[in-house]
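Residue numbers (full-length UniProt numbering): 1 to 151.
Glycine residues also receive a C-beta, built at the ideal position from the N, C-alpha and C atoms.
Keep in mind it's a predicted model, so treat the numbers as computed, not measured.
Notes to accompany the following structure.
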């Protein structure tokens with residue numbers, strides 16, 4: 001089979017191996033040793049048709065995974081989004097022990113099942129009261145008492 005011609009400059013392209021970044025939705029992939037054609041004249045690179053199909057199929061397979069087979073580790077932003085709180089609230093929850101987390105390098109990671117358990121776990125008045133106490137400082141409570149006498 002003849003090598004393709006570059007659509008930019010019209011020169012013949014050579015077959016090479018390359019690395020391609022791809023993915024589907026939130027999943028990111030890096031695929032090495034992909035067949036491609038490169039033009040030495042202008043450095044334009046195009047993938048072989050069969051390789052493009054393979055990359056698309058790999059990416060789409062991530063979206064078709066059953067929920068329980070998807071990656072079960074969340075980063076800080078995903079955790080905050082799931083809990084519907086700010087990133088700072090997540091940091092505070094780690095600090096006071098309401099959330100379990102571990103670090104990978106400089107980044108916090110969370111077990112998705114545990115975070116979902118926090119959302120669906122039983123809430124008791126003790127838990128609510130305890131978390132409210134942690135979010136309201138003693139100084140705020142004193143100000144509240146002073147203002148309640150004024151009414």
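| Query | Result |
| --- | --- |
| Could you pull out every unbroken alpha helix (DSSP H) segment of at least 4 residues lying fully inside the stretch 33 to 114, listed in chain order? | 49 to 63, 76 to 83 and 87 to 95 |
| Evaluate the contact criterion for the stretch 73 to 88 versus the stretch 38 to 56: three or more CB pairs, one atom per stretch, below 8 Å. | no |
| Which residue's Cα is closest to the Cα of residue 118: 38, 90 and 104? | 90 |
| For residue 113, does the count of other Cβ atoms within 10 angstroms reach 16, so buried, or fall short, so exposed? | exposed |
| With DSSP collapsed to three states, give me the class of residue 119. | helix |
| Here's the rule I'm using: 16 or more other beta-carbon atoms within 10 Å means buried, otherwise exposed. How should residue 39 be labelled? | buried |
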